[in-house]
Amino acid sequence: MRPLSEKVAAIAPSATIEISNAAKRMAQEGVDVISLSIGEPDFDTPQHIKDACIGALRRGETHYAPSAGIPALTSAIAEKISRENGFAAEQDEVIVTCGAKDAIYEAMEAVLNPGDEVLILDPAWVSYEPCVELAGAVARHHPLSPETFQVDDTLLEAVGPRTKMIVVNSPSNPSGAVLDGDSLALIADICRDHDLYALSDEIYEKLVYGKEHVSLASLPEMAERTITINGFSKAYAMTGWRIGYAVAPRPILRQMEKVQQHTISHPATFAMFGAVAAIEGPQDCVEAMRCEFERRRDYLIPALRDLGYATAPADGAFYAYVQVEGDDMAVARSWLRDVHVAVTPGTAFGTPGWLRVSYATSMENLKEAVERIARV
Numbered sequence: 001m002r003p004l005s006e007k008v009a010a011i012a013p014s015a016t017i018e019i020s021n022a023a024k025r026m027a028q029e030g031v032d033v034i035s036l037s038i039g040e041p042d043f044d045t046p047q048h049i050k051d052a053c054i055g056a057l058r059r060g061e062t063h064y065a066p067s068a069g070i071p072a073l074t075s076a077i078a079e080k081i082s083r084e085n086g087f088a089a090e091q092d093e094v095i096v097t098c099g100a101k102d103a104i105y106e107a108m109e110a111v112l113n114p115g116d117e118v119l120i121l122d123p124a125w126v127s128y129e130p131c132v133e134l135a136g137a138v139a140r141h142h143p144l145s146p147e148t149f150q151v152d153d154t155l156l157e158a159v160g161p162r163t164k165m166i167v168v169n170s171p172s173n174p175s176g177a178v179l180d181g182d183s184l185a186l187i188a189d190i191c192r193d194h195d196l197y198a199l200s201d202e203i204y205e206k207l208v209y210g211k212e213h214v215s216l217a218s219l220p221e222m223a224e225r226t227i228t229i230n231g232f233s234k235a236y237a238m239t240g241w242r243i244g245y246a247v248a249p250r251p252i253l254r255q256m257e258k259v260q261q262h263t264i265s266h267p268a269t270f271a272m273f274g275a276v277a278a279i280e281g282p283q284d285c286v287e288a289m290r291c292e293f294e295r296r297r298d299y300l301i302p303a304l305r306d307l308g309y310a311t312a313p314a315d316g317a318f319y320a321y322v323q324v325e326g327d328d329m330a331v332a333r334s335w336l337r338d339v340h341v342a343v344t345p346g347t348a349f350g351t352p353g354w355l356r357v358s359y360a361t362s363m364e365n366l367k368e369a370v371e372r373i374a375r376v
């Protein structure tokens, strides 16, 4: 048989797969495993969103749609961005994708050429680097401050002659940190001074506690060089719906649309009608989920610190990022083996020595997990 793709073969599998598979095996064997590794809300999709999708199915909205998304949704997204995110967006600057991850992949393919370099700020979500590599470019990692998880002047030194893009994720998966005004201003200055693109992943924008989310594209002269990524998975508990989107300058959008036309065509038509209801319908469901996540955060962070663990600033998303001594993979294995608590090693996010602990689970589970961790 002829050799397979060298490009794909060179991409490492997820560093989390060992712990995840072990936890699943233990659960199948009847072990009471508490999973704090999942990256999705534990709530059901709000009823009015499901009803809109069911209504679309009953109307026969089961056929092909425009590749960039149904007009009702691209229009609603453009209006939402202009109203909430501090920069103007037109309908033809929006593309609806199969989840935010698909939007990130398409953006990388649309912008990058072989040999281009992309700066990724660690700790970083696991799929940024593979998306860069699939586009034929090179990922360069730059660590954020392990105390503040903010950007500092060392980022200036990381920019090289082949740097083309900076990836920004605020609120952060895995750390929960929210980039402050100084960090965003520094990133914007670097992008303008060096003529760089920015990919701003804002999928957790609705889940912020005690701070304000600011879109990178709202800063002066940044809308013309920023690809804003967002979606419905986290804020509306719609992970399985696979509806995300990107907002970007028209030349980039046209490139992304070509990638979409030749791969997925478009997301499921009837699911997009549910997304319209999510944006245009009542938002109290989002606030209720945010408040519950905040309540869990306010329990978990102090509880972990009482056990002697340092944590990253948990100002957004639904993760506690916990510093541990020694090999984080070994610690994660021991927590799973000895007390049956599954967490995600920081090695997966480019920061060994940390664990990502999700509080997207019930308060009962969190309290039981803390009691078990205390026995380690």
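Just so we're aligned, residue 1 is where the sequence shown starts under the numbering used here, counting upward by one. We put the CB at the ideal spot given by N, CA and C, even for glycine. All figures in this text were calculated on a predicted structure; none of them were measured in a lab.
(request) Would you kindly work out how many angstroms separate the C-alpha atoms of Ala374 and Asp201, rounded to a whole number? (result) Rounded to whole angstroms, Ala374 to Asp201 spans 35 Å at the Cα level.
(request) Run the CB neighbour count on Val31, radius 10 Å, all protein chains shown included, and call it buried at 16 or more, exposed below. (result) Here Val31 is exposed: its Cβ has fewer than 16 other Cβ atoms, across all protein chains shown, within 10 Å.
(request) Would you mind sorting Gln28 into buried or exposed? The rule is 16 or more other CB atoms within 10 Å of its CB. (result) With fewer than 16 neighbouring CB atoms inside 10 Å of its own CB, Gln28 falls in the exposed class.
(request) Identify whether His194 lies in helix, strand or coil by the three-state DSSP scheme. (result) Three-state DSSP puts His194 in a helix.
(message) Here's the rule I'm using: 16 or more other beta-carbon atoms within 10 Å means buried, otherwise exposed. How should Cys291 be labelled?
(response) Looking at its Cβ environment, which holds fewer than 16 other Cβ atoms inside 10 Å, Cys291 is exposed.
(request) Report all residues from its chain with a CB closer than 7 Å to the CB of Glu368; omit the five preceding and five following residues, and keep chain order. (result) Sequence-distant Cβ neighbours of Glu368 in its own chain, meaning closer than 7 Å and more than five residues away, are Ile34.
(request) Can you have a look at Asn113 and say buried or exposed, based on whether 16 or more other CB atoms are within 10 angstroms of its CB? (result) Flag for Asn113 reads exposed.
(request) For Gln260, count neighbouring Cβ atoms within 10 angstroms of its own Cβ and tell me buried if that reaches 16, exposed if not. (result) Under this definition Gln260 is a buried residue.
(request) Pick out the complete beta strand (DSSP E) segments inside the region 103–130, 3 residues or longer, and give them in chain order. (result) 117–122, all fully within the region 103–130.
(message) Between which residues of its own chain and Gly210 is the CB-CB distance below 7 Å, once the five residues before and five after are set aside?
(response) If the five residues before and after Gly210 are omitted, its C-beta is found closer than 7 Å to the C-beta atoms of Asp315, all from its own chain and listed in chain order.
(request) Go ahead and label Ser7 buried or exposed: buried means 16 or more other beta carbons lie within 10 angstroms of its beta carbon, across all protein chains shown. (result) The question names Ser, but residue 7 is Lys in the sequence shown. Residue environment: Lys7 is assigned as exposed (fewer than 16 neighbouring CB atoms within 10 Å of its CB, all protein chains considered).
(message) At the level of alpha carbons, what is the spacing between Tyr128 and Ala158?
(response) C-alpha of Tyr128 to C-alpha of Ala158: approximately 17 Å in a straight line.
(message) What does the alpha-carbon distance come out to for the pair Asp284 and Gly115?
(response) Approximately 46 Å between the Cα atoms of the pair.
(message) Runs of 4 residues minimum, wholly inside the region 215–301: which ones carry the alpha helix (DSSP H) assignment?
(response) Those alpha helix (DSSP H) runs which fall completely within the region 215–301 and span 4+ residues are 250–261 and 269–280.
(message) Please list the terminal residues of the continuous beta strand (DSSP E) segment that includes Met165.
(response) Following the DSSP letters along the chain, one finds Met165 inside the beta strand (DSSP E) bounded by residues Thr163 to Asn169.
(request) Identify whether Thr74 lies in helix, strand or coil by the three-state DSSP scheme. (result) Helix, per DSSP.
(message) Can you check which of these residues, Pro220, Glu221, Leu207 and Ser215, is closest to Phe232 by C-alpha distance?
(response) Considering only alpha carbons, the answer is Leu207.
(request) Using only alpha-carbon positions, find the residue among Met222, Thr163 and Ile70 that is nearest to Val96. (result) Of the candidates Met222, Thr163 and Ile70, the one whose C-alpha sits nearest the C-alpha of Val96 is Ile70.
(request) Assign Asp193 to buried or exposed, taking buried as 16 or more other Cβ atoms, counted over all protein chains shown, within 10 Å of its Cβ. (result) That one is exposed.
(message) Looking at Ala100: is its Cβ nearer than 8 Å to the Cβ of Ile203?
(response) A contact, by the Cβ cut-off of 8 Å.
(message) So the candidates are Met222, Ala268, Pro313 and Ala139; which of them puts its Cα closest to the Cα of Ile190?
(response) Nearest option by C-alpha distance: Met222.
(request) Find out if the Cβ-Cβ distance for the pair Asn230, Gly244 is shorter than 8 Å. (result) Contact: yes.
(request) Consult DSSP for Arg140 and reduce its assignment to one of helix, strand or coil. (result) Assigned with DSSP and collapsed to three states, Arg140 falls in strand.
(request) Taking 8 Å as the threshold, find out whether the region 13–21 comes into contact with the region 331–344 through three or more Cβ pairs. (result) Touching, per the Cβ criterion.
(request) Less than 8 Å between the CB atoms is what I'm expecting for Ile77 and Ile252, so what's the real figure, rounded? (result) Not really, about 16 Å apart at Cβ, beyond 8 Å.
(message) Measuring alpha carbon to alpha carbon, tell me which residue in Glu40, Phe43, Trp354 and Ala360 is nearest Met146.
(response) Going by the sequence as given, residue 146 is Pro instead of Met. The residue from Glu40, Phe43, Trp354 and Ala360 with its alpha-carbon nearest to that of Pro146 is Trp354.
(request) Tell whether a beta-carbon distance below 8 Å holds between Ile166 and Leu196. (result) Yes. Within cutoff.
(message) Need the endpoints of the alpha helix (DSSP H) that Gln47 sits in, please.
(response) Run containing Gln47: Gln47 to Arg59, per the alpha helix (DSSP H) assignment.
(request) Return helix, strand or coil for Glu28, following the three-state DSSP convention. (result) It should be pointed out that residue 28 corresponds to Gln in this sequence rather than to Glu. For Gln28, the secondary structure class from DSSP, reduced to helix, strand or coil, is helix.
(request) List the endpoints of the continuous alpha helix (DSSP H) containing Arg372. (result) Residues Met363 to Ile373.
(message) Could you check whether the region 339–352 touches the region 296–310, counting it as contact only if at least three pairs of C-beta atoms, one from each stretch, sit closer than 8 Å?
(response) The region 339–352 and the region 296–310 do not touch, with fewer than 3 CB-CB distances between them shorter than 8 Å.
(message) Buried or exposed for Arg356, going by 16 or more other Cβ atoms inside 10 Å?
(response) The residue is buried, with at least 16 neighbouring Cβ atoms inside 10 Å.
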